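Notes follow once the structure below has been shown.
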Amino acid sequence: MIRKLLPYTRGYRWWILGGILCSAAESVLELMLPNAMSDIVDVGIAGGDRSYILASGLKMLVMALLALSGGVGAALLAAKAGMGFGAQLRQAEYEQVQRFSFANIERFSTASLITRLTSDVASMQVTLMMSMRIFVRAPVMLITALVMALRISLPLSQVFLVSIPLLLLAVVVLVTKVGPFFTALQKATDDVNLVVQENLNAIRVVKSFVRETEETEKFAGRNRHLRDTAMRAFGFVVLFMPFITLVMGGTIVAILWIGGHYVGAGSMLSGDLIAFFTYATEILMSLMMVSMVLMMLTRSIACGKRIVEVLTQQPEITDELADPALTVENGAIRFEHVYFKYHPTAEGWNLEDVNLTIESGMTVGILGGTGSAKTTLVSLIPRLYEVNGGAVYVGGHNVKDYTMEALRDGCAMVLQKNTLFSGTVAENLRWGKADATDEELQSACAVACADEFIRAMPEGYESRIEQGGANVSGGQKQRLCIARAILRQPKILILDDSTSAVDTATDARIRDGLRQVLPGTTKLMIAQRITSVMDADLIVVLDDGNISGVGTHEELLAGNRIYQEVYESQQEGVSIDG
Amino acid sequence: MAEARNTRPPHGPGGRQGHGYQRPQDLRGTVGKLLGYVAQYKLLLLGVMACLLISSLGSVAASYLIKPLINDYILPGDFTGLFKMLAVMGGLYAVSAAASFTYARTMVRISQHTVAALRQDLFNKLQTLPISYFDTNQSGDLMSRFTNDIDTVSELINSSLASILSSSLTFVSTFVMMLVLNWQLTLITVFFLLMMGVVVAVIGGRSRTNFQTQQRSLGAVNGYIEEMIEGQKVIKVFNHEKKAVARFTELNAAYRDAATRAQSYAGSMMPAMGNLSRINYAVTCCVGGLLAIGGVFDVGSLGAYLVYVRQVSQPVAQISQQVNVILAAIAGAERIFAVMEQSPEIDEGKTVLVRVEKSGGTLTETERRTGCWAWKAPDGTLTELRGDVRFHDVTFGYTDQKTVLHHVSLWAEPGQKIAFVGSTGAGKTTVTNLINRFYDVQSGSITYDGINVKDIRKESLRRSLGIVLQETRLFTGTVADNIRYGTPDATDEEVRAAARLANADTFIRHLPQGYDTVLTGNGESLSQGERQLLAIARAAVSDPPVLILDEATSSIDTRTEKLIERGMDSLMEGRTVFVIAHRLSTVRNAQAILVLEQGEIVERGDHHQLLAQKGRYYHLYTGQAELG
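Quick mapping for you: the protein sequence lines, in order, are chains A and B.
Every position in the first sequence, counted from 1, becomes a number in the working numbering once 69 is added.
Every position in the second sequence, counted from 1, becomes a number in the working numbering once 267 is added.
Encoded structure:
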């Protein structure tokens, strides 16, 4: 994982190195202070040498000032490197998601991708920043303090042979045991949040079915479980501090007892003794710091893994075999023995041996029940998914021969679950054509029957659309999305149930308009209403991943059972039409 | 674990709300309320205080022993005395460790119980809030009370509270000991403590303003990520990837720069404080050495004193670090209490729904499932539930500024199917919101079997109404659990019968574990249509006298709708049904069709009458007007 994340420190490696050096310098200087102090006690005070004391004092002051600049420097460099690394990682991950195919996106789900891009990256950048300081400081302090202690008195240092392994054991136990505790805690937290989330979203259902008491009980049960899990987890963690105090106290007592004898015997100076147990505290403190860092690391490893999963996910569809010069010349479409399924492990096919030929410029209606793979069929044309067998041809070339950009420039698709973005109406429309003039926008909107309601909005084309198009109705949103697609002037236009919220008369107007402004464009329309497709050049009836019938309205009405059933189910409304 | 995290709302730390660094509005009031939650642990808290005192005094005293140890025992070479003193010292450390263990354990207990109580109260409160509250507050925002806000409060009670207490105690006792040892040297420390105060004020202040900028730009990046990822498929279809990256790059760089500044200040705080303490140490050492030569001060005292010098700045640094956590936590608590102070749904109704047995015109209350219901007035009189719903001159608006329904009068006789048609915003769903009292009428009245709905206890009222809403919401649990959601005591056979009625049985049996298949994430593995079928089955199993279908079949294709028509017909049989439908074919056989336009009923009649009128309905039906 670290190997995968390392490249994103590029450009900040000098900062990281500098930060580590500053941090190391601070730690070493800091640890030399007690030594200088013992000089003052043993040489200065004992010898009554005032100028020595002043000189040593000055030396200490300089060291402290240097440590100060080292510390602040380390902090600044760590901030720079940590945030820079975070930004590069976020950038790389975001760009990677832009390369994803639909199948890649679905493998992660939207909510999970957002977490991986936001809080997971945040956790990684903090980890780098912190570990640059603490991870350097702790080992440097440990080693320096140990060296200093050894230099003062080798025999007295034997005390550490007991206390350090004891503390290390505690650290190891803590770090290994704490993982499962926190996994359980996370699970319990998620369980509680799930109930809250579902209740917030489904509050009308809860109230309608008078289930407040049951929901409260359900929550209470999970809440109690969370509380008890948290008590177990934190109850375990707090064992650590008293244990450290105990070991530290024991060490100090031992040092004073043994060291006292040395001082008594004259083999050690009292100043050295004071300095020695200052180092002892530093050693034990740095071990404690190591344990804290390790605990933090175990948490951020999980985040790092999730980020790496995104970064190493192979974009399923690439331009590898594409001819960069190829563009979509015409709107002819051909499916040749196409097989497709969403999940490689699934048993059945979502599309099975589909053969279909559509000539350029045709208007094609696609009809079929829920789950009959209408959307799947049209998604293969702009190569949103990769076929498992057979091939799809657009403009006489296999879709794989085009670059994705060229292919999708040639065929515009209005998705069933469509999205508008926060910004003005015009900005949203210009997704279709970045340099479209106001006139172009208006004429596209006129075809999509959107011009009228846009003009009625307070600021017309400059009115703001909220995130996800929350402030326009379903029918208005659909018409805006159609206008956005028309602006592309595509060779192929795919409308996936794009007029479901639009009334039949407007629907008919839009279809007429499309025919006039995009005469050469192949138009594919998935629809529920028979009236929307009955005048198409070709109607494709799908049933459970197979083509049940292809033909004109009259042909299908004469010979296709499904088409007849759908027709009859919608008959009454139509009969009055005339 | 990756999947479990999905249940979190996408507003993680510093999400779009980005209120991690707000200052509380009413510090005193909020702290008071929080203390109210902790108050029941008064005795335990006293114990904690005692333990804290023992633990800090224990370590301070142990350090104090160093002076006599060196001066009186080690230097003169009195080793039996040294042994005794060391035993005392060891004892002090042991007591201190034991005390700190006890208080830490107790604090975990207190904090987790308090936070759990807070969480429970918040959830209980949510259950009592009126629908209008949920309509006006985003669920992501409410969710963050449960996640971010509760977390910060938990952090406050769990670690900050104890750490502030122990830091203050350590500081005070250390400072006192320093004064006892040598007040002249302490002056030096006072000077450096003041310097630290200046550092905290200056760097801390800068750090806070920079943090606000950082949070804002973080909110911008995260908000952008959220919007783009949610619209990722549209981005792909429009070849918009490069542009999506370009804007992201700007925001990402802006956040990086803001964060670098904020973190530089925040990160400098600790080293600055730590090293000021070291300069203090150096100066003290030098001056103390000179004093020792002058004979004012002995070596042992200097040793002990220097230990205190190192100790005294730690609590200051710790508290200065906690200030932001505390402010954030109190701001979080404030938001939690703001929800708790919302007024709950009013329910002054006294009439309740009871099961009855009908034998020759007289009704007797019973516990058995007779399929017969009655309204029981406070005085004990029983009125049979028939399903007669009337609106008398009802006027209503969600806000005072905008009236949605104007003087609406309508009636539904028992067993009638009443359909509402009209364009978006005409007030169709509003009518149903008033029947089940999600909202209350502003003028006029609604009666149910002759009883004003305001006199009926909401629980009873809603139990008598089965609702299928436009947007299907399913819960994590098995398919069967979801179907029997409103009727937990329904048998497996009843569940299956309801599923068959809704034509859901076939697809359910095709699921991996049939009726025991666990649905997650609002049934994301099912299609829209399948989920609607489940919602219909859910309403069917509770066998309600009155049924409200709000666009119940909008996601079901016409052929499937035809298939479930018979089921729907038998579901509606003998019940009063209110239907809102997008497809006019669904409402054709209603006894009465009400055409709503801008909050007024413009037409009423059956299908043929309305067509003959050649009015609004005729235009809608023939596709000459738009439905929303």
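Glycine included, C-beta positions come from ideal geometry on N, C-alpha and C.
Note that the structure is a prediction, hence the values are computed from the model and not measured.
Asked: Span of the alpha helix (DSSP H), counted from its first residue to its last, around H673(B); Found: Per DSSP, H673(B) belongs to no alpha helix (DSSP H); it is in the beta strand (DSSP E), 672 to 679.
Asked: W642(B), enclosing beta strand (DSSP E) - first and last residue; Found: 640 to 643
Asked: As assigned by DSSP and simplified to three states, the class of S626(B); Found: strand
Asked: Beta carbon proximity, V279(A) to chain B, threshold 9 Å; Found: yes
Asked: Candidates H294(A), M193(A), L380(A), of which the one nearest M152(A) by Cα; Found: M193(A)
Asked: Neighbour list for L453(A) in chain C, Cβ cutoff strictly below 9 Å; Found: Protein chains in the displayed structure are A and B, and chain C is not among them.
Asked: Straight-line gap, A147(A) to L420(A) (C-alpha atoms, nearest Å); Found: 54 Å
Asked: Burial state of P397(B), where buried means 16 or more other Cβ atoms lie within 10 Å; Found: buried
Asked: Burial state of F346(A), where buried means 16 or more other Cβ atoms lie within 10 Å; Found: buried
Asked: For V279(A), the three-state DSSP class (helix, strand or coil); Found: coil
Asked: Interface residues of chain A facing M356(B) [CB-CB closer than 7 Å]; Found: V322
Asked: DSSP-derived helix/strand/coil call for Y288(B); Found: Note on Y288(B): pLDDT 49, under 50, position unreliable in the model; no value is reported.
Asked: Separation of Q379(B) from F288(A), as counted between CA atoms; Found: 16 Å
Asked: 8 Å contact criterion, which A769(B) and I815(B) should meet: CB distance rounded; Found: With 8 Å as the limit, A769(B) and I815(B) do not qualify as a contact, their Cβ atoms being about 16 Å apart.
Asked: Neighbour list for N542(B) in chain A, Cβ cutoff strictly below 7 Å; Found: A133, A136, L137, G140
Asked: Validate contact between the stretch 594 to 601 of chain B and the stretch 410 to 421 of chain B using beta carbons, cut 8 Å, 3 pairs; Found: yes
Asked: is_contact[N540(A), chain B] using C-beta, thresh 9 Å; Found: no
Asked: Minimum Cβ-Cβ distance from D646(A) to chain B less than 9 Å; Found: Confidence in D646(A) is poor, its pLDDT being 34 and thus under 50, which makes the residue's placement unreliable; the coordinate value appears in the next sentence. Yes - at least one Cβ of chain B is within 9 Å of the one on D646(A).
Asked: C-beta atoms of I586(B) and A539(B) nearer than 9 Å; Found: no
Asked: Beta-carbon separation (whole angstroms), L701(B) vs P811(B), contact threshold 8 Å; Found: 17 Å between Cβ atoms; not a contact.
Asked: Nearest-angstrom Cα separation, counted from L385(B) out to S580(B); Found: 35 Å
Asked: Beta-bridge partners of T493(A), as assigned by DSSP; Found: R533(A)
Asked: Under 7 Å by beta carbon: chain B residues contacting N292(A); Found: A383, R386, Q387
Asked: Cβ of E608(B) within 9 Å of any chain A Cβ; Found: no
Asked: Rounded separation between A371(B) and S434(B) - CA only; Found: 14 Å
Asked: Interfacial residues, the stretch 401 to 432 of chain B to chain A, with Cβ spacing under 8 Å; Found: F401, S406, L409, M410, F413, T414, N425
Asked: DSSP bridge partner residues for H659(B) (one or two, in chain order); Found: S712(B)
Asked: Cβ-Cβ separation, I402(A) to I616(A) (assumed contact under 8 Å), whole Å; Found: Incorrect: roughly 14 Å between the Cβ atoms, too far for contact.
Asked: Three or more C-beta pairs below 8 Å linking the stretch 379 to 399 of chain A and the stretch 453 to 470 of chain A; Found: yes
Asked: Minimum Cβ-Cβ distance from Y288(B) to chain A less than 9 Å; Found: Because the pLDDT of Y288(B) is 49, which lies under 50, any placement of that residue in the model is unreliable, and the question is left without a value.
Asked: Integer Cβ distance of V813(B) from T843(B), believed to fall under 8 Å; Found: 5 Å
Asked: Cα-Cα separation between R283(B) and G407(B), rounded to whole angstroms; Found: Its pLDDT being 37, under 50, R283(B) is placed unreliably in this model, and the coordinates cannot settle the point.
Asked: Rounded straight-line distance, which links the Cα of Q167(A) to that of I272(A); Found: 35 Å
Asked: Beta-carbon spacing of L607(A), G434(A) below 9 Å; Found: yes
Asked: Contact list for W326(A) against chain B, beta-carbon separation under 8 Å; Found: L349, F350, L353
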